[in-house]
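Shown next, in structure tokens, is the structure this report addresses.
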């Protein structure tokens, strides 16, 4: 299984795999396997058992082939994980997205969060680089296209994309982690704010943590608990207020309409 060991990855091979321009080796049986079948089987395992249940051996067993035969199509397990993330992302369905840039970026962030909450194993895949596959590039496209007529330059547009996508992923990861921990802590996500405030009240004082103590006394943690959707929406709004301020600073219009549906976006892929 040398293909699973560490070492430098061939990024050109990875791009070929993501775009299905990679040609398998000539050795071994033909016709029984494809990259799509391998990835689909791996996703089925991850959906049922989490990412920890995915191995080349288990994928091979599910497909009824030898483990070594998989490596003709997917050289390394790391490559398989990237292919799984790309396939599971699908393409964004923008059919019901608003026309304005702010509404569309809100819909984008919400769509990312829903995707990760539906398939939390995606959060366990380490990011190995920027998006290179067709699905994730389309998610990028719809964000950048939403900002074209706002007056932001291309660097600003990429910055907004990175900040917003990072926020969505981080918030989803935190929510998943807290829900996974609930059986051990006895505290649900909805209860954590109030519980946290009470725990802090026992240990903080004005002498060492004066500002923390002030916030605890204000009840801010209690006010912020109880609704993950509202917590997420607050953060998205906070970020987009900053984007609106940057647009005004650049001399653009923070009420600009977004570019609607780049070619290929808005179509719901099969199985989603």
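Numbering (the UniProt record's numbering), first residue to last: 1 to 272. The beta-carbon is built from N, C-alpha and C at its ideal position, and this holds for glycine as well.
| query | result |
| --- | --- |
| Bridge partners - residue 257, DSSP secondary structure assignment | 100 |
| Neighbour flag for residue 13 against chain D, beta carbons, 8 Å | You won't find chain D in this structure, because it holds only one protein chain. |
| Cut-off 7 Å between Cβ atoms - residues of its own chain near residue 172, not counting five sequence neighbours on either side | 113, 116, 117, 123 |
| Residue 178 vs residue 189 beta-carbon contact at 8 Å | yes |
| Cβ neighbours of residue 10 in the same chain (closer than 6 Å, five flanking residues each side left out) | none |
| Own chain residues within Cβ distance below 6 Å of residue 49, not counting five before or after | none |
| Contact under 8 Å by Cβ, residue 45 with residue 39 | no |
| Nearest residue (CA-CA) to residue 136, options 91, 155, 14 | 91 |
| Same chain, Cβ closer than 7 Å to residue 256, five either side skipped, listed in chain order | 101, 149, 150 |
| Per-residue burial, residue 79 [other beta carbons within 10 Å of its own, 16 or more giving buried] | buried |
| Proximity winner among 56, 157, 51, 62, relative to residue 72 (alpha-carbon distances) | 56 |
| Residue 242 burial status per 10 Å Cβ neighbour count (16 or more: buried) | exposed |
| Exposure label - residue 66; buried when at least 16 CB within 10 Å | exposed |
| For residue 47, the nearest candidate out of 233, 253, 84, 240 (CA to CA) | 84 |
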